[in-house]
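Have a look at the structure below before the remarks.
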Amino acid sequence: MSYFTVGDGQLFYTDEGSGGEAVLFVHGGTCDSHDWSPQIEPFTARHRVIAPDLRGHGRSSSVSGGLAPHDFAGDLASLLDQLGSGPVVVVGHSLGAVVASVLAVERPDLVRAVVAVDPSYGFDSGFAAEVAAAFRTPDPVGVAAAVLSAMEAPEVEPALGWLPAWHRRRTLGTAPETAAAVFQGLFEAPNEVTLRPGAEDYLRRRACPVLTVSANASLKAKGIDLGWDESVSPHPYSSAVAWDGVGHWIHQERATEFNELVLGWIAGLPASPENLG
33 MSYFTVGDGQ LFYTDEGSGG EAVLFVHGGT CDSHDWSPQI EPFTARHRVI APDLRGHGRS
93 SSVSGGLAPH DFAGDLASLL DQLGSGPVVV VGHSLGAVVA SVLAVERPDL VRAVVAVDPS
153 YGFDSGFAAE VAAAFRTPDP VGVAAAVLSA MEAPEVEPAL GWLPAWHRRR TLGTAPETAA
213 AVFQGLFEAP NEVTLRPGAE DYLRRRACPV LTVSANASLK AKGIDLGWDE SVSPHPYSSA
273 VAWDGVGHWI HQERATEFNE LVLGWIAGLP ASPENLG
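Residue numbers (our numbering): 33 to 309.
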């Protein structure tokens with residue numbers, strides 16, 4: 033494990049495995065890189081795996097500046113530059129999928145492909161305004177816990193019955209200023225990355241392949257379907273799938289199926305231009 037200095041703070045990250053495409057895992061808001069525990073071992077068997085805690089989350093400290101997707105993406109760009117990782121496949125969940133998309137648009141030299149897991153973009157501006165207003169409160173952590181609790185799976189296997197309590201307790205341990213800033217950074221208008229219709233133009237600037245894995249319940253809440261995700265992912269290798277009976281943490285609830293899907297998709301990535309000829 034290691035710490036990377038960013039401004040006046042430090043980011044915690046792990047860097048494991050070797051060979052194959054390098055993979056960067058990016059967790060969601062009020063979460064940390066422990067979210068990827070079901071993926072670390074299967075992916076390090078085939079890939080170099082980099083898993084950071086975003087600023088203000090987990091074992092990473094707060095850093096002067098903002099807590100918007102562009103701020104997180106800038107930190108990760110600096111980390112990848114220092115590690116000399118070359119282009120990576122960025123697997124991002126929720127907020128992490130937004131951060132992955134910003135990184136793909138702003139630093140395409142660092143991104144081989146994006147896997148967006150139940151991404152926090154594509155929201156209608158009216159719905160987003162209601163969420164943003166809810167976080168203008170003295171208790172943003174309580175609001176975050178309630179919002180995320182509503183996104184749990186309707187049912188989970190008995191062996192995974194502890195997941196909702198883990199998610200809730202971790203959110204309750206988040207600093208109030210972090211919870212407020214993260215969710216306002218996603219839902220406060222104007223927002224070219226997350227809110228329709230402006231997000232459509234921004235996301236289409238992702239020139240790399242994009243695999244989107246969504247919960248059908250999330251698509252319904254956003255008022256979109258797989259066709260929308262396909263329309264903002266123009267690369268011909270891009271793909272979008274949606275599963276029934278899952279909540280927001282797809283990669284934890286159905287880890288084996290998720291890992292097989294993503295590892296197979298990565299294995300089939302077309303050669304990058306610099307490797308042709």
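Yeah, the Cβ is synthetic: ideal placement off N, Cα and C, and Gly gets one too.
For clarity, every value in this text was computed on a predicted model and none was experimentally measured.
Candidates the options: closest to residue i by CA position
i, options, result
"I155", "H283, L192, S69, F215", "Checking the sequence shown, residue 155 turns out to be Phe, not Ile. For the residues H283, L192, S69, F215, the minimum Cα distance to F155 belongs to F215."
"R201", "G90, E262, V58", "G90"
"T46", "L108, G61, S96, G97", "L108"
"E224", "P208, I72, S157", "S157"
"A105", "A212, V131, R78, G277", "V131"
"G39", "S263, T244, T226, G97", "G97"
"A160", "L135, G51, G217", "G217"
"I82", "Y35, F57, S92", "F57"
"C63", "A287, V143, H280, S304", "H280"
"V242", "P101, A287, G52, A136", "A136"
"Q284", "L301, S92, W194", "W194"
"E138", "L115, A165, S110", "S110"
"A213", "A191, D141, V163, S246", "V163"
"P70", "A231, P186, P140, L192", "L192"
"L234", "P266, V245, F290", "Per the sequence shown, residue 234 should be read as Tyr rather than Leu. Looking at the Cα atoms, P266 is the closest of the given residues."
"H102", "S133, T244, A231", "S133"
"T169", "S246, A211, L258, G230", "A211"
Close beta carbons around residue i, own chain, < 6 Å, minus the five adjacent residues each side
i, result
"I256", "G154"
"A54", "R80, S117, V120"
"P196", "E184"
"G49", "T76, H79, R80, V81"
"E262", "A272"
"F219", "A160, V163, A164"
"S92", "L43, F44, D85"
Contacting residues, own chain, Cβ-Cβ under 7 Å from residue i (five flanking each side not counted)
i, result
"G94", "As written in the sequence, residue 94 is Ser, which differs from the Gly given in the question. Excluding sequence neighbours, S94 sits near G41, R87, G88."
"A100", "G217"
"A166", "V175"
"D276", "N248"
"F36", "Q42, L43, Y45, L111, Q114"
8 Å CB neighbourhood of residue i in its chain, flanking five on each side removed
i, result
"D171", "P208"
"S34", "F44, Y45, T46, D47"
"L301", "E53, V121, R144, A145, P241, Y269"
"L180", "T62, H199, R200, T203, H280"
"S65", "F44, Y45, T46, F57, H59, A83, P84, D85, G90"
"S304", "P119, R144"
"L308", "For L308, the predicted model reports a pLDDT of 39, less than 50, meaning its position is unreliable; a value from the coordinates is still stated below. Contacts found: none."
"A221", "S157, A160, A161, A164, L227"
"G205", "none"
Under the three-state DSSP convention, the category residue i falls into
i, result
"V146", "strand"
"A253", "helix"
"L243", "strand"
"W260", "helix"
"V273", "strand"
"S34", "strand"
"A109", "helix"
"G230", "helix"
"S83", "The sequence shown places Ala at residue 83, rather than the Ser named in the question. A83 falls in the strand class under three-state DSSP."
"G158", "helix"
"E224", "coil"
"V188", "coil"
"F167", "coil"
"E209", "helix"
"H59", "coil"
"G128", "helix"
"A141", "First, the residue type needs correcting, since residue 141 is Asp and not Ala in the sequence shown. Three-state DSSP puts D141 in a helix."
"G41", "strand"
"D64", "coil"
"G309", "Reliability fails at G309, whose pLDDT of 36 lies under 50, so the model's placement of it is uncertain and no value is given."
"E53", "coil"
"V134", "helix"
"V173", "helix"
"V294", "helix"
heavy atom of the ligand PLP below 7 Å from residue i C-beta
i, result
"F155", "The ligand PLP is not among the ligands present in this structure, which contains no ligands whatsoever."
Between the region 123-130 and the region 138-149, can you find at least three pairs of beta-carbon atoms closer than 8 Å? Enough Cβ pairs lie closer than 8 Å, so yes.
For the region 173-190 against the region 263-271, do three or more pairs of beta-carbon atoms, one drawn from each stretch, fall closer than 8 Å, so that the two count as touching? Not touching, per the Cβ criterion.
Are the region 289-304 and the region 222-238 touching by the rule of at least three beta carbon pairs closer than 8 Å? The region 289-304 vs the region 222-238: no contact.
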